[in-house]
Amino acid sequence: VQFNCRMSLAGGVVEDEFGELFGSSSTGGMHSRFIFSLGPKPYTFLYRPFKGGTEDVNPIAVDVESDVREVRDPWLKGRTDLTPRIAEQALRVAAICAAFDGRKLQGKDLGPAKEFAEYQVRVRKVLEPNPGRTPDAQCAYSIMRWLETHPEDLPIERRVIYRAIHAHRLGPGIYDRAL
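If you want it as structure tokens, here you go:
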């Protein structure tokens, strides 16, 4: 089996522009179906062509032991941020890893999957879709998100927020109404 996989459909999305890519139409479930990650800061990617050959792999069909869901279920108790969909994605990633390791998926092996799920919770607090349907609502949401994520910068000048949320794309009239 020659396996060539990428874990992202849209890699390298600029964090400040994420709300434009995932807008109001993605809040009905599309956003929650993606697996996200954030690059380290500060980081500059310097592209280099891939050198080397392909790796010979032999993934197997994975047997999922019955205790896997019993270990997963407590992750969700009393949590609204770690959703069943995130937990299921973590199990799927664990199953992929097990397939390439040539082993069964057992509850005792889910420590890394739990950490993956917690990471998804943290990333999704940063990479939220913009639920605004109109330009005014999109701009207002962007302003509120920026203020929530930069409380140390308050009080702040209007032009700083204008630049930070790229309000020039919508225009000063919309920005003034939203503000």
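In terms of this note's numbering, the sequence shown opens at residue 1389 and continues consecutively. Glycine is no exception: its CB is placed at the ideal position from the N, C-alpha and C atoms. For clarity, every value in this text was computed on a predicted model and none was experimentally measured.
Terminal residues of the continuous alpha helix (DSSP H) containing residue i?
i, result
"E1540", "Element bounds for E1540: n/a, residue is neither H nor E."
"I1549", "R1546 to A1552"
"Q1508", "G1499 to V1514"
"E1408", "F1406 to L1409"
Identify, in the order they occur along the chain, each residue of the same chain with its Cβ nearer than 7 Å to the Cβ of residue i, setting aside the five sequence neighbours on each side.
i, result
"R1521", "S1412"
"V1401", "L1409"
"A1501", "A1478, L1479, V1481 and A1482"
"I1448", "A1487 and G1490"
"F1433", "none"
"A1505", "W1463, L1470, I1474, A1475 and A1478"
Exposed or buried, residue i, counting other C-beta atoms within 10 Å across all chains shown (16 or more means buried)?
i, result
"H1419", "buried"
"F1410", "buried"
"S1425", "exposed"
Consult DSSP for residue i and reduce its assignment to one of helix, strand or coil.
i, result
"L1567", "coil"
"L1493", "strand"
"F1488", "helix"
"S1425", "coil"
By Cβ distance, which residues of its chain are closer than 6 Å to residue i, with the 5 residues on each side in sequence left out?
i, result
"A1528", "A1566"
"Q1494", "E1453"
"Q1526", "N1518 and G1520"
So, for residue i: in the same chain, excluding its five sequence neighbours on each side, which residues have a beta-carbon less than 8 Å away from its beta-carbon?
i, result
"K1492", "V1450, D1451, V1452, E1453 and A1486"
Inset, instruction - Only counting runs of 4 or more residues, tell me where the alpha helix (DSSP H) segments fall wholly within the stretch 1435 to 1486, in order along the chain. - result: 1455 to 1464
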